[in-house]
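Enquirer: Using our numbering, the first residue of the sequence shown is number 10, and each one after it goes up by one.
Sharing a structure, written as structure tokens. Questions coming.
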Amino acid sequence: MAKIIDGKKIASEMLSEVFMEVKALKEKGIEPCLAVIIVGDDPASKVYVKNKKADCGLVGIRSLEFSLPADTTQKELVDLVKKLNNDRSVHGILCQSPIPKHLDEKEVINTISPEKDVDAFHPVNVGHIMIGDGAFLPCTPTGVMEMLRHEGISAEGKRCVVIGRSNIVGKPMSLLLLAQNGTVTICHSKTKNLPEITRDADILVCAAGVRNLVTADMVKEGAVVIDVSMNRNDEGKLCGDVDFAEVEKVAGYITPVPGGVGPMTRAILMKNTLTAVKNLTKQN
Ligand code: NAP
Numbered sequence: 010m011a012k013i014i015d016g017k018k019i020a021s022e023m024l025s026e027v028f029m030e031v032k033a034l035k036e037k038g039i040e041p042c043l044a045v046i047i048v049g050d051d052p053a054s055k056v057y058v059k060n061k062k063a064d065c066g067l068v069g070i071r072s073l074e075f076s077l078p079a080d081t082t083q084k085e086l087v088d089l090v091k092k093l094n095n096d097r098s099v100h101g102i103l104c105q106s107p108i109p110k111h112l113d114e115k116e117v118i119n120t121i122s123p124e125k126d127v128d129a130f131h132p133v134n135v136g137h138i139m140i141g142d143g144a145f146l147p148c149t150p151t152g153v154m155e156m157l158r159h160e161g162i163s164a165e166g167k168r169c170v171v172i173g174r175s176n177i178v179g180k181p182m183s184l185l186l187l188a189q190n191g192t193v194t195i196c197h198s199k200t201k202n203l204p205e206i207t208r209d210a211d212i213l214v215c216a217a218g219v220r221n222l223v224t225a226d227m228v229k230e231g232a233v234v235i236d237v238s239m240n241r242n243d244e245g246k247l248c249g250d251v252d253f254a255e256v257e258k259v260a261g262y263i264t265p266v267p268g269g270v271g272p273m274t275r276a277i278l279m280k281n282t283l284t285a286v287k288n289l290t291k292q293n
């Protein structure tokens, strides 16, 4: 039976560390602040933003929420980002995805000052991740690396397979594993013979967003299986890409959904906000 990697517990330890660092900053007169922009009424986005605010509350980071109507214009949104860029009391800025279709998300991300881009989506930060010297690391893949580190698992010399090539999960995940000297294969919807590739993985990261995509016969005995995805099953319950009950019998380590990568992503966002504070206060 696989060891279950408890993301909730690891994340809670990280948040305690962030709390102590925030406390120390406040004693020096610096109050970390994260601004979150949400446009429209997407229910999932609303939950994510609520959770981010709750995390800020837990660690003592001031949170600002800008809830804009669905018919917000591109100019209004970009102007708000510029205003927050220029506000010295704001250290981190993020715009919750997705935004309504009439808006250009790329332009919004490109407008966020790279020094305040706590999601690490700005091309400047993406470039740093590529080179391997990033100040900000992307929240979800970094959360995965932190889980591996916590369990004493290194990617060095391992065969790593990442299912998914999105800009926010799959691609940066692959780069972080590569930076740790893993031998990385990236799979996507056009990949042929997926099971043949995944069976070779010592570390398998699943981020396709397809329920039950990964079954026990696709997993090497003793492999580390990380399930990033957040899908809903027929009862509306949260689940990942991995057939947990069956894969658990084969894998060496496995992450649950919920309670795996999700809490780690949130904890890294808090850490990134602290990084922004440190970098910005160094510059000023
Ligand atoms: P995305 O943009 O939809 O990307 C999904 C990727 O999976 C794409 O590259 C796609 O290939 C690939 N894919 C889809 N079906 C596949 C299949 N049958 N076989 C192999 N590859 C397949 O999604 P995302 O934003 O990366 O997110 C992925 C999942 O992670 C979602 O469930 C999302 O909710 C979850 N997520 C969780 C967290 C967290 O904190 N836990 C954070 C972010 C996202 P193509 O490129 O060819 O289309």
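Cβ atoms here follow ideal geometry from the backbone N, Cα and C, with glycine treated the same way.
Please read these numbers as outputs of a predicted model, since none were measured by experiment.
#1: Which one of M29, L186, V135 and G231 has the shortest CA to CA distance from P41?
#2: Look up D126 in the DSSP assignment and say whether it is helix, strand or coil.
#3: Among the candidates C65, I47, I212 and V58, whose CA atom is the shortest distance from the CA of A79?
#4: For the ligand NAP, any of its heavy atoms closer than 7 angstroms to the Cβ of V237?
#5: Quick one: complete alpha helix (DSSP H) runs, 4+ long, within the region 142-195?
#6: Does DSSP classify V237 as helix, strand or coil?
#7: Reducing DSSP to helix, strand and coil, say where K12 ends up.
#8: Apply the 10 Å Cβ neighbour rule to L238 and answer buried if 16 or more other Cβ atoms are within range, or exposed otherwise.
#9: Among E205, N242 and A144, which one has its Cα closest to the Cα of V266?
#10: Distance check for I277 and F253, CA to CA, integer angstroms please.
#11: CB-CB under 8 angstroms to V90, same chain, minus the five flanking residues each way: which ones, in chain order?
#12: Relative to the C-alpha of E26, which residue among L289, S175 and L283 is closest?
#13: Under three-state DSSP, which class holds G231?
#14: If you check the beta carbons only, do P132 and P181 fall under 8 angstroms apart?
#15: According to DSSP, what are the bridge partners of F297?
#16: Which stretch, first to last residue, makes up the alpha helix (DSSP H) that contains S98?
#17: Please indicate yes or no: does the CB of N240 lie closer than 7 angstroms to some heavy atom of the ligand NAP?
#18: Express the C-alpha separation of G261 and K229 in angstroms, rounding to a whole number.
#19: Run through DSSP, which three-state label would I70 get?
#20: For the ligand NAP, any of its heavy atoms closer than 7 angstroms to the Cβ of A232?
#21: For V270, which three-state DSSP category applies?
#22: Just the Cα atoms here: how many angstroms apart are S183 and T194?
#23: Tell me, please, which residues DSSP counts as bridged to L77.
Expert: Quick answer:
#1: Reading the sequence shown from its first residue, position 32 is the one you call residue 41. P41 has its Cα closest to that of M29, out of M29, L186, V135 and G231.
#2: In the sequence shown, counting from the first residue as 1, residue 126 sits at position 117. Here D126 carries a strand assignment [DSSP, helix/strand/coil].
#3: Taking the sequence shown and counting its residues from 1, the one referred to as residue 79 is at position 70. Nearest C-alpha to A79: I47.
#4: As a first step, residue 237 is located in the sequence shown; it is residue number 228 there, counting from the start. True, at least one ligand heavy atom lies under 7 angstroms from that Cβ.
#5: 148-159 and 179-188
#6: Translated into positions along the sequence shown, residue 237 becomes position 228. In the structure shown, V237 sits in coil (DSSP, three-state: anything other than H, G, I, E or B).
#7: Sequence index remark: in the sequence shown, residue 12 carries index 3 (1-based). Residue state, collapsed to three classes: strand.
#8: Along the sequence shown, one-based indexing puts residue 238 at 229. The sequence as given places Ser at residue 238; Leu does not occur at that position. Buried, since its Cβ has 16 or more Cβ neighbours within 10 Å.
#9: Counting from 1 along the sequence shown, the entry for residue 266 is found at position 257. Closest by alpha carbon: N242.
#10: Walking along the sequence shown from the start, residue 253 turns up at place 244. Walking along the sequence shown from the start, residue 277 turns up at place 268. Going by the C-alpha atoms only, they are around 25 angstroms apart.
#11: For the purposes of this step, residue 90 is taken as the residue at position 81 of the sequence shown. Hits under 8 angstroms: I46, I102, C104, V117, T120 and I121.
#12: Translated into positions along the sequence shown, residue 26 becomes position 17. Ranking L289, S175 and L283 by Cα distance to E26 puts L283 first.
#13: Taking the first residue of the sequence shown as 1, we reach residue 231 at position 222. Correct three-state label for G231: coil.
#14: By one-based count along the sequence shown, residue 132 stands at place 123. By one-based count along the sequence shown, residue 181 stands at place 172. Contact: no.
#15: Residue 297 lies beyond the stretch modelled for the chain, which goes from 10 to 293, so this question has no answer here.
#16: In the sequence shown, the residue the question calls residue 98 occupies position 89. It is not in any alpha helix (DSSP H) - S98 carries neither H nor E in the DSSP assignment.
#17: Your numbering for residue 240 matches position 231 in the sequence shown. Flag set: Cβ of N240 near the ligand NAP.
#18: Locating residue 229 in the sequence shown gives position 220, counting from the first residue. Locating residue 261 in the sequence shown gives position 252, counting from the first residue. Cα to Cα, the separation comes out at about 9 angstroms.
#19: For the purposes of this step, residue 70 is identified with residue 61 of the sequence shown, where counting begins at 1. The answer is coil: DSSP assigns I70 none of H, G, I, E or B.
#20: Residue numbering aside, residue 232 sits at position 223 when the sequence shown is read from its first letter. No, the beta carbon of A232 sits no closer than 7 angstroms to any heavy atom of the ligand NAP.
#21: Indexing the sequence shown from 1 puts residue 270 at position 261. V270 falls in the helix class under three-state DSSP.
#22: As a working note, residue 183 is residue 174 in the sequence shown. As a working note, residue 194 is residue 185 in the sequence shown. Answer to the nearest angstrom: the Cα atoms are 8 angstroms apart.
#23: Stepping through the sequence shown from its first residue, residue 77 is reached at position 68. Answer by DSSP bridge pairing, in chain order: V48.
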